[in-house]
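Colleague: Take this structure first; my questions come after.
Number of protein chains: 2
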Amino acid sequence: MQGTPETTTGTAAYTPTDRTIPTRSAQKASYDRDLVHAILDEGYVCHLGFVRDGAPVVLPTLYGRVGETLYVHGSTGSRPLRMTGQADPGLPVCLTVTHVDGLVLARSAFHHSINYRSVVVHGIAYDVTDPQEKLTALDALVDHVVPGRAADSRPANKKELAATAVIRLDLNEVSAKTRTGGVNEEPEDLTLPHWAGVLPLRKGYDAPLPEADLAPGIELPDYLAVP
Amino acid sequence: MQGTPETTTGTAAYTPTDRTIPTRSAQKASYDRDLVHAILDEGYVCHLGFVRDGAPVVLPTLYGRVGETLYVHGSTGSRPLRMTGQADPGLPVCLTVTHVDGLVLARSAFHHSINYRSVVVHGIAYDVTDPQEKLTALDALVDHVVPGRAADSRPANKKELAATAVIRLDLNEVSAKTRTGGVNEEPEDLTLPHWAGVLPLRKGYDAPLPEADLAPGIELPDYLAVP
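Below you can see the structure in the form of structure tokens.
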């Protein structure tokens, strides 16, 4: 969407629906496409919800994004992927990605909170049957974990492709929710003898741990250098 | 459960059910109570799934544990809490907690993975109506974020208690799933010219950020000292 200015009021924002308008803390909600994409792109796992025998199921799983489509993959034998392949027209899902950025400690128990950024996507998941779309999705899944990695690994062969199912979920009914900043407090609590503030959670990764049996001469690639 | 040795084969383990026996990677599943408790206690947010109008909804939320019961709280106006209060006998939910511990980069795209620990809890959520249980639950929620914090903050007053709903979910139908260790690889891929290994994700928090208006003389409490 480069070149298309996106704002929460412009046509490029996601359209709020009954499901994406929160019943509370509405000021924390956003439908901005850039914000949604940024939150999605920073996550490693999503939590995928679906209904089985009338009850909810929530499973963590890797995902990738290509434009306005999310992809989830798994063994052809895994439950949500098998259910999607058998559902007509598809499987109703809710896919949620959450980053916990900080712990917010208030003087009052009531105002304890967390700083976070989350995206909730509602929609119908469809089995990806087009071979080219499947390859694109699998590259996106690998590049989602580490950008640039798909080009620096052996692509899936026929047997691996046949063992892997991919489902797609388009970004239509989407909202982001965020909390940032410091502590909210009742004015009369400001003089209480309790420490208050934010504990920022550590991000990123520590020094990479190479396998012991790397081929001779293999150095750590630049895209894995710890910032 | 101190003093009661717990193993995956002993009576103290959770009993597997159709919903908690995975259709694949069964060797990664565990029903060990200590492991489940440890994974739950380390998390900050869970992802709570429920069904609304036949479709799944997955929302991130704080939680706390007291023995074999999990508690989730929120505004009395929030959707899942209101739905629980109105449901008879309660609201079917699935509560999932996931830690991403490392990114596993294989020489083949297919064997890319993550090291993780997750717990999935299936059950019925009930509105907590007993005032004493509600207070205990709220303390557990605060202490879950930072152990020891509930005693070092102002407890909720009547107005705050009235505005807060708490739901309970007992740990009965529960499983943990974990992946640890290095890279799995096809033998013929070991000579490929790609770096392979694990990127361990950073844990914990960075230096606390105190509010600017702390009461005079308030020092950082010991329980917040960065290890």
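Listed in order, the protein sequences are those of chains P and X. The working numbering puts the first residue of the first sequence at 328, with every later residue one more than the last. The working numbering puts the first residue of the second sequence at 328, with every later residue one more than the last. We put the beta carbon where it would ideally sit given N, CA and C, even for glycine. All of these numbers come straight from a predicted model, not from anything done at the bench.
1) Thinking C-alpha only, which one of P/R351, P/R360, P/Q354 is nearest P/T342?
2) Given this structure, state the Cα-to-Cα distance separating X/V372 from P/S445, to the nearest angstrom.
3) Measure from the C-beta of P/S480 to each C-beta in chain X and report whether the shortest distance is under 8 Å.
4) Between the stretch 500-511 of chain X and chain P, which residues of the former have a C-beta closer than 8 Å to a C-beta of the latter?
5) Could you tell me if P/S352 is buried or exposed, where buried requires 16 or more neighbouring beta carbons within 10 angstroms of its beta carbon?
6) Taking the C-alpha atoms as reference points, what is the distance between X/V525 and P/T347?
7) Once you ignore the five residues that flank X/P441 on each side, which residues in its own chain have a CB closer than 8 Å to its CB?
8) Taking only the alpha-carbon atoms, compute the straight-line gap between P/P514 and P/H400 and give it to the nearest angstrom.
9) Where DSSP assigns a beta bridge to P/P500, which residues make up the other side?
10) Can you list, in chain order, the residues of the stretch 337-354 of chain P whose Cβ is nearer than 7 Å to any Cβ on chain X?
11) Is it true that the CB of X/I451 sits closer than 8 Å to the CB of X/L418?
12) Grouping DSSP H, G and I as helix and E and B as strand, with all else coil, what is P/T331?
13) Of all the CB atoms in chain X, is at least one closer than 8 Å to the CB of P/K485?
14) How long is the line joining the alpha carbons of P/H364 and P/P520, rounded to whole angstroms?
15) Curious, which full-length alpha helix (DSSP H) runs of at least 4 residues does the stretch 456-542 of chain P contain?
16) Candidates X/A489, X/N484, X/R434: which alpha carbon is nearest X/V455's?
17) Can you tell me the Cα-Cα spacing of X/R495 and X/A503, whole angstroms?
18) Would X/K461 and X/V493 qualify as a contact pair, given that the criterion is a beta-carbon distance under 8 Å?
19) Opposite X/A356 in the DSSP bridges: which residues?
20) Whole angstroms is fine: what's the gap from P/Y303's alpha carbon to P/G412's?
21) Measure the C-alpha to C-alpha separation of X/G404 and X/T491 and round it to an integer number of angstroms.
22) How would you list, in chain order, the residues of chain P whose beta-carbon sits under 7 Å from the beta-carbon of X/G524?
23) Can you give me the C-alpha to C-alpha distance between P/D479 and X/R434, rounded to a whole angstrom?
24) Would you say P/D516 faces chain X, with C-beta separation under 8 Å as the test?
25) Locate the beta strand (DSSP E) running through P/G391, then write down its first and last residues.
26) Using the Cα positions of P/E395 and P/E369, report the straight-line distance between them to the nearest angstrom.
27) Taking only beta carbons into account, state which residues of the stretch 391-402 of chain P come closer than 9 Å to chain X, listed in chain order.
28) CA-CA distance, P/P383 and P/F377?
29) According to DSSP, simplified to helix, strand and coil, what is P/T411?
30) Output needed for X/T423: all residues of its chain with C-beta closer than 6 Å, excluding positions within five of it in sequence on either side, in chain order.
31) Show which residues of chain P have a CB atom less than 8 Å away from the CB atom of X/V472.
32) Near X/M410, what residues of its chain come up, given a Cβ to Cβ distance below 8 Å and the 5 sequence neighbours on each side ignored?
33) Please check if any C-beta of chain X sits within less than 8 Å of the C-beta of P/A452.
34) In whole angstroms, what separates the C-alpha of X/T335 from that of X/S357?
35) Taking just the CA atoms, how far does X/R406 sit from P/G337?
36) Residues of chain P with CB under 7 Å from X/G531, in chain order?
Modeller: In terms of the structure at hand:
1) The option with the nearest alpha carbon to P/T342 is P/R360.
2) Within the model, the alpha-carbon separation for X/V372 versus P/S445 is close to 11 Å.
3) With 8 Å as the cut-off, P/S480 counts as an interface residue toward chain X.
4) Considering only beta carbons, the part of the stretch 500-511 of chain X lying closer than 8 Å to chain P consists of G509, V510, in chain order.
5) Residue environment: P/S352 is assigned as exposed (fewer than 16 neighbouring CB atoms within 10 Å of its CB, all protein chains considered).
6) Rounded to whole angstroms, X/V525 and P/T347 show a C-alpha spacing of 37 Å.
7) Sequence check: residue 441 of chain X is Ile here, not Pro. Residues V427, D428, G429, L430, V431, R506 of the same chain have their beta carbon placed closer than 8 Å to that of X/I441, with the five preceding and five following residues left out of the count.
8) So the alpha carbons of these two residues sit roughly 50 Å apart.
9) Looking at the sequence itself, residue 500 of chain P is Glu, so the reference to Pro does not match. Paired residue(s): P/H449.
10) From the stretch 337-354 of chain P, only T350, R351 have a Cβ closer than 7 Å to chain X.
11) Inclusion of X/L418 and X/I451 in the CB contact set at 8 Å is warranted, their separation being smaller than that value.
12) Its pLDDT being 39, under 50, P/T331 is placed unreliably in this model, and the value from its coordinates should be taken loosely. DSSP, read as helix, strand or coil, puts P/T331 in coil.
13) For P/K485, no CB of chain X lies under 8 Å from its own CB, so it is not counted at the interface with that chain.
14) About 42 Å.
15) As far as the stretch 456-542 of chain P is concerned, its whole alpha helix (DSSP H) runs of at least 4 residues are 458-472, 485-490.
16) That would be X/A489, whose Cα lies nearest to the Cα of X/V455.
17) When rounded, the distance between both Cα atoms is 20 Å.
18) Judged by their CB atoms, X/K461 and X/V493 are nearer to each other than the 8 Å cut-off.
19) In DSSP, X/A356 forms a bridge with X/K504.
20) Within the shown structure, residues of chain P are numbered from 328 to 554, placing residue 303 of chain P beyond reach of any answer.
21) X/G404 and X/T491: Cα-Cα distance of roughly 9 Å.
22) Neighbours of X/G524 on chain P, chain order: P535, L536, P537, E538.
23) So the alpha carbons of these two residues sit roughly 8 Å apart.
24) The C-beta of P/D516 comes closer than 8 Å to at least one C-beta of chain X.
25) Secondary structure note for P/G391: its beta strand (DSSP E) is the uninterrupted segment 391-393.
26) C-alpha separation (whole angstroms): 16 Å.
27) Answer in chain order: G401, S402.
28) Those two C-alpha atoms are separated by around 6 Å.
29) Three-state result, P/T411: helix.
30) H374, V447.
31) Simply L430, L432, H439, I441.
32) Annotation for X/M410: F377, R379, L418 place their beta carbon closer than 8 Å to its own, counting only its chain and skipping 5 residues before and after.
33) Contacts with chain X at 8 Å (Cβ-Cβ) do not include P/A452.
34) With a pLDDT of 44 at X/T335, under the threshold of 50, the modelled position of that residue is not reliable, and the figure given next carries that caveat. Taking the straight line from one Cα to the other gives about 7 Å.
35) With a pLDDT of 45 at P/G337, under the threshold of 50, the modelled position of this residue cannot be trusted, and the question is left open.
36) In chain order: R529.
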